[in-house]
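Read through the structure below, which is laid out as C-alpha cells, and then see the notes.
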Amino acid sequence: MTSTSEYKALEAKYYMQIVNRRPMVLVRAEGTRVFDNDGKSYLDFTAGWAVLNIGHSHPAVVKAVQEQAGLINQMSNLFYTTPQLKLAQILIDNSCMDRIFFCNSGAEANEGVSKLARKWGKLKLNDAYEIITMNNSFHGRTMAMMAATGQAAYQEKWLPLMPGFVNVDYNDIDAIKAATNDMTCAVMVEPVQGEGGVNVPDDGYLRQIQDWCNEKNIMFIVDEVQTGMGRLGKLFGYQLYGVEPDAMTLAKALGAGAPLGAFLCKEEFSVLEPGDHGSTFGGNALTTASGAAAAEVIVDEDIPSQAAATGAYVTGKLIALREKYDFITDVRGPGLLIGIEMTKEIAPDVVTEAESNGLLLNAIRPTILRLMPPLNVSRDEVDEALEILDKALEKVTD
Ligand SMILES: *Cc1c(COP(=O)(O)O)cnc(C)c1O
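What follows is the structure, given as C-alpha cells:
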C-alpha cells in the first residue's frame with residue numbers, strides 16, 4: 006500500500022496543481038465518519054461537499070449500486086432503463102415540477118436549464134436570451150456558468166465571458182427589475198447561496214422574484230444543486246419559502262455519491278424537442294440506481310424534517326458559543342447548511358485545527374465557516390463535533 010508521503014509525491018508529480026489538498030489520504034467512510042490510511046477517523050461535516058445527505062455508504066445505496074452493477078450500467082438514453090424512471094417519479098411526485106432531464110453535474114444541469122430558458126425566450130419572448138443571476142452566486146465552472154456565477158474570482162481570468170448573463174445583487178428585487186429588458190428570458194437564483202457564504206434570502210425576496218417573473222412571462226429558475234434533497238429542512242429549498250419556481254436544477258446530493266444532475270420544469274415550460282439536448286451518461290442505470298435508493302430513504306424516512314430539527318439544535322448550540330467568542334458575529338442558514346461568520350480571518354486555521362482533532366469543516370471565506378454534515382447526523386456526533394470546534398476556536402485565538 007502507498008504511504009501518505011509517497012501518495013503526496015505522486016500527486017505532486019502527476020496532477021495539475023489546482024487544489025491545496027488537505028494533508029490526509031482518505032480510504033473508507035461510513036455514515037458521518039471517514040477514515041484515513043492510518044486508521045484515524047474524522048467526523049465529516051462537509052458530507053463529501055453537500056453530497057452525502059444520508060451519510061457515506063448508506064446500506065440502501067450500497068445495495069442498490071451493487072445490484073445494479075451486476076445487471077446493467079450504461080446504455081444510451083435512446084433506450085428505456087428502469088432506475089431512472091423510479092427516481093424521476095419520486096422527484097416529480099414530491100415537487101411542483103412536471104418533467105425532468107438527467108445529466109451528470111450541477112454545472113451541466115444549469116447549462117441545460119439555460120438552454121431551456123433560451124428556447125423559451127426564442128419561442129415566447131421574441132428571441133430574448135438574457136438570464137439574470139446574482140452576485141455571490143455559484144452555478145458551476147463551465148464557460149457559460151462562469152458568466153452566470155456572479156463572483157469576480159471565477160470570472161476575471163477567463164474573459165471574455167459568454168454573453169447572455171447579467172449579475173445583480175442578491176436580496177435586491179429592484180436590481181432584478183432594473184436589469185430586466187426585452188432580451189430577458191429568465192431569472193436564476195439559489196434559494197440560499199451556498200458557496201457565496203451561506204447567504205439567506207430576506208423575507209419575501211423569492212416571492213417577489215416569482216411575482217416579477219410571472220408579470221414579465223420570464224422563467225423563474227432555482228438552482229437547488231446545493232439546497233435540494235433535504236439540505237434546508239424541506240425536500241427542496243424553494244418549499245421553505247412558499248414559492249413555486251418554473252424550473253429547478255439538482256446535483257450534489259441527487260446521486261448520493263454517484264455523479265448525477267438534473268433539471269426539471271413545469272409542463273408549460275417544457276419546450277425542448279428531440280435533438281435539442283442530450284447526454285451520453287446522463288441518468289444512466291448505475292447513477293440513478295444510487296440516486297433512486299437515496300431519494301427513497303430521504304422521502305420515506307422524512308430526512309428533511311431531521312435536517313430541520315438537527316439544524317435548529319446545531320444553531321442553538323452555536324449561538325451559545327457566541328457568548329464565549331464575541332468575534333462570532335452571525336450564525337445563519339436553515340436546516341443543515343450553516344454559516345458561522347466571524348470578525349477575525351481565522352476560518353482556515355480553525356479548519357486545520359479541527360481536522361487534527363478529527364472534524365472536517367469548510368472555510369468558505371477567511372471569515373466564514375460552513376457546516377454541512379449528513380442530514381441524518383446523530384446528536385452525539387453533533388455534540389462531539391461542536392466540542393472539537395469549540396476547542397479549535399479556543400486554540401486558534403489563544
Ligand atoms: C456545487 C454547485 C454547482 C456546481 O455543481 P458541479 O456538480 O460542481 O458542477 C452549481 N450550483 C450550486 C448552487 C452549487 O452549490
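Heads up: the sequence shown begins at 6 in this note's numbering, then just goes up one per residue. Note that the Cβ used here is the ideal one computed from N, Cα and C, for glycine as well. Model, not experiment: these values are computed from the prediction.
Query	Result
Would you give the residue range spanned by the beta strand (DSSP E) that L259 belongs to?	Per DSSP, L259 belongs to no beta strand (DSSP E) and is neither H nor E.
Closer than 7 Å to a non-hydrogen atom of ligand 1 - does that hold for the CB of F286?	no
Within this structure, are the beta carbons of T293 and L92 separated by less than 8 Å?	yes
In terms of residues, what are the limits of the beta strand (DSSP E) holding L49?	Position check: residue 49 holds Asp in this sequence, whereas Leu was assumed. Per DSSP, D49 belongs to the beta strand (DSSP E) from 46-49.
Consider the C-beta atom of A152 and the heavy atoms of ligand 3; say whether any pair is separated by less than 7 Å.	Absent from the structure shown: ligand 3. Ligands present: ligand 1.
Assuming V197 is part of the alpha helix (DSSP H), what are its boundary residues?	No alpha helix (DSSP H) holds V197; DSSP gives it neither H nor E.
Please classify L83: is it buried, with 16 or more other beta-carbons within 10 angstroms of its beta-carbon, or exposed?	exposed
Drop a sphere of 10 angstroms on the beta-carbon of P279, count the other beta-carbons inside from all chains shown, and report buried for 16 or more, exposed for fewer.	exposed
Return the chain-ordered list of same chain residues with a C-beta closer than 8 Å to the C-beta of L323, the five sequence neighbours on each side being excluded.	I333, V336, I343, I345, L391
Start and end of the beta strand (DSSP E) containing M139?	135-139
Hey, V205 and P339 are a contact pair by Cβ (cut 8 Å); roughly how many whole angstroms apart?	7 Å
Should N115 be listed as close to ligand 1, given that the test is whether its C-beta is under 7 Å from any heavy atom?	yes
Alpha carbon to alpha carbon, how far is K18 from A313? Give it in angstroms, no decimals.	44 Å
According to DSSP, is M29 part of a helix, a strand, or is it coil?	coil
Which one of S383, R38, D307, M150 has the shortest CA to CA distance from L237?	D307
Hey, would you say F241 sits closer than 8 Å to S100, going by beta carbons?	yes
In the DSSP assignment, find the unbroken alpha helix (DSSP H) run with M148 in it and report its ends.	148-153
Going by CA-CA distance only, name the one from F268, L341, R123 that's closest to G321.	L341
Going along the chain, which unbroken runs of the alpha helix (DSSP H) with 4 or more residues stay wholly within the segment 49-100?	52-55, 64-74, 87-98
In the DSSP assignment, find the beta strand (DSSP E) that holds D228 and state where it starts and stops.	224-228
Take every Cβ of the segment 185-197, pair it with every Cβ of the segment 128-135, and state whether three or more of those distances are shorter than 8 Å.	yes
For T7, name the three-state secondary structure that DSSP assigns.	coil
So, does the CB of E350 fall closer than 8 Å to a CB anywhere in chain E?	In the displayed structure, chain E is absent; only one protein chain is listed.
Cα separation between I418 and R370?	Any answer about residue 418 is impossible in this case: the structure gives the chain only from 6 up to 403.
Could you compute how far the alpha carbon of A65 sits from the alpha carbon of A290?	16 Å
Report the start-end ranges of each alpha helix (DSSP H) in the segment 323-380 that is 4 residues or longer and not cut off at the edges.	352-361
Closer than 7 Å: is that where the CB of V230 sits relative to any heavy atom of ligand 1?	yes
Ignore the nearest five residues each way along the sequence and tell me which others in A267's own chain have a CB closer than 8 Å to its CB.	L96, I105, F106, F107, C108, A114, T254, L255, A256, L259, G288
Which stretch, first to last residue, makes up the alpha helix (DSSP H) that contains N115?	111-129
Evaluate contact between the segment 210-225 and the segment 160-168, counting only Cβ atoms and requiring at least three cross-stretch pairs below 8 Å.	no
Is the beta carbon of E195 sitting closer than 8 Å to the one on T147?	no
Once DSSP output is grouped into helix, strand and coil, what is the label at I105?	strand
Out of K13, L57, Y47, which one is the CA nearest neighbour of E389?	Y47
With distances taken from CA atoms, which of I373, I226, V56 is nearest G36?	V56
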